[in-house]
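Asker:
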Amino acid sequence: MPDARTPPTRTGPDAGRRRLLGALLGAPFAATGLAGCGSREEDRPVEDGPVELSVFWYGTAARAELTEKALRLYSSRNNLVSFRVTWQGLPGYYDRLATQAAGGNVPDLIQLDDTVLAEYARREILLDLGGYVADHRLDLRGLPPELARYGEVDGRTVAVAAAQTTAALVYNRSLLRRLGVAEPRTGMSWPAYVDWAARVTRAADGRVAGTMDPSGDHRALWLWLRSRGAELYQGRQLGFGANELVDWFELWQNARARQATPSAALVDQADGGEPTRQLVVTGHTAASFAWAHQFPEFRRQTRDELALAAFPGPPAAQWPRASMYWAGFRGTRHPALVADVIQFLTNNMEAGLALGHERGVSPNLAIRRYVREGLADPGQQAAAALAEAVAAQLGPAPGPPPKGHARIRTLLVETAEGVRSGRAGIRAATTRFVAQAEAALAS
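First residue of the sequence shown? That's 1 in my numbering, and the numbers climb one at a time after it.
1. Taking buried to mean at least 16 other C-beta atoms within 10 Å of its own C-beta, is T157 buried or exposed?
2. Quick one: any contact between the region 265 to 280 and the region 143 to 150, if contact means 3 or more CB pairs under 8 Å?
3. Which word fits N105, buried or exposed, when buried means at least 16 other C-beta atoms lie within 10 angstroms of its C-beta?
4. Whose CA, out of L109, W224, D195, lies closest to the CA of G210?
5. Do you know offhand how far R277's Cα is from Q269's?
6. Could you give the distance in angstroms between the alpha-carbon of G155 and the alpha-carbon of G360?
7. Do L251 and W190 have their C-beta atoms within less than 8 Å of each other?
8. Do Q393 and P296 have their CB atoms nearer than 8 Å?
9. For P28, name the three-state secondary structure that DSSP assigns.
10. Roughly how many whole angstroms lie between the Cα atoms of A310 and P50?
11. If you draw a straight line from the C-alpha of F29 to the C-alpha of S76, how long is it?
12. Taking contact to mean at least 3 C-beta pairs separated by less than 8 Å, is the region 220 to 233 in contact with the region 392 to 409?
13. Are A101 and W87 closer than 8 Å when you measure CB to CB?
14. Can you tell me the Cα-Cα spacing of I110 and R321, whole angstroms?
15. Does the structure place the region 407 to 415 close enough to the region 216 to 228 that three or more beta carbon pairs sit under 8 Å?
16. Are three or more beta carbon pairs between the region 164 to 172 and the region 285 to 295 nearer than 8 Å?
17. Cα separation between R333 and M324?
18. Let me know the secondary structure DSSP gives I110 once reduced to three states.
19. DSSP on V434, reduced to helix/strand/coil?
20. Apply the 10 Å Cβ neighbour rule to D139 and answer buried if 16 or more other Cβ atoms are within range, or exposed otherwise.
21. So what's T60 in DSSP terms, helix, strand or just coil?
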């Protein structure tokens, strides 16, 4: 990092940190760069002396390298704390975590996303961080308030955003230049986006379709609903009815009729969301839908120049969204220490530099601005620029999805695939989806 840059003001007072960690572990510490104050008796670990915390996350080898670097920074300042790390790809991650939860041996610190956050909180698997937030030992004042709120379940802070991301449209700038079609823009309406995609298909003489069909993408449905004043969920129930879902599927039925989207078979193969299978990089469409923090991976899959815009619809339909969270295990023997590590990963400038924007932009606004100055990856630069461009326009955060969200995501994909293929009519498929989704939420 360039020495000429001036670090931002730290987001919490350093005074008292040595006293806190000394009290936690029964030994003196030399620690810097963290907020802290005295610890409560019930927060002290069962044992004195050195502590090894277990940490578990999903992601790539690149994410593992950056995360382990940040954890080593913590240990370098707190040499009685070490970490036993485990990581893997997303497939199978939650199955493994569920097995650990059933056995009561969840790692001390875990990475989650909003698919399971509410469920794990209500099953009392997650550590309640509210007390640490209340007295700023875990200081969330540097985060956008709505991003902090998105880690609350039933009024309790149970997780802290590891990063923030934006639902993004990834489009092939090189292709559009060859075709002479204008680029899509943030803020265009959903019908205007379909019109744009149909123009692309016509300009390409049908060789390339304008857009991926996102009718089975819960992110797209959620933002479309919010653009109409509805929600995906209201508490533990659906936030929309059958009529809204019919309108959604008819929007994309019309897009298919205009050849704005490719064949159902091609769309089905990209429904899983893996960057390598997205149609904008396989050359079948001019645009696909993704999370902004995935953009560097998209860029690696093609020689064409790709670019980013926000999802169609008003930016206010989006909110400061956690790409994933850090959370503690309720049964950890070292709850205050777990909270302190989350504090470090969230608010320490050097940790922020180590983590970069691989998971998304830093949750801490001051660190986010500082890290952006040193970003070398063009994909991360573009994702950070999009986050900054829409930041002032984002709407209020909903609550994290309720238990049953994972099942509903699967149901939406299955329903959309049935409609696209013609195996099911829109109204019959919609009625069945609503009934099955309500059952999933009630279970």
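C-beta atoms are modelled at their ideal positions from N, C-alpha and C, and glycine is treated no differently.
Answerer: Reading from the atomic positions:
1. buried
2. no
3. exposed
4. D195
5. If I take the Cα positions, the gap works out to 7 Å.
6. 25 Å
7. The criterion of a C-beta distance shorter than 8 Å is satisfied by L251 and W190.
8. no
9. Reliability fails at P28, whose pLDDT of 32 lies under 50, so the model's placement of it is uncertain and the value that follows must be treated cautiously. Of the three classes helix, strand and coil, the one that applies to P28 here is coil, per DSSP.
10. Straight-line Cα distance between these residues: approximately 47 Å.
11. At F29 the pLDDT is 34, less than 50, meaning the model places this residue with poor confidence and gives no usable figure here.
12. yes
13. In terms of Cβ geometry, A101 and W87 do not form a close pair [threshold 8 Å].
14. 18 Å
15. yes
16. yes
17. The alpha-carbon atoms of R333 and M324 are separated by roughly 24 Å.
18. Strand, per DSSP.
19. helix
20. buried
21. coil
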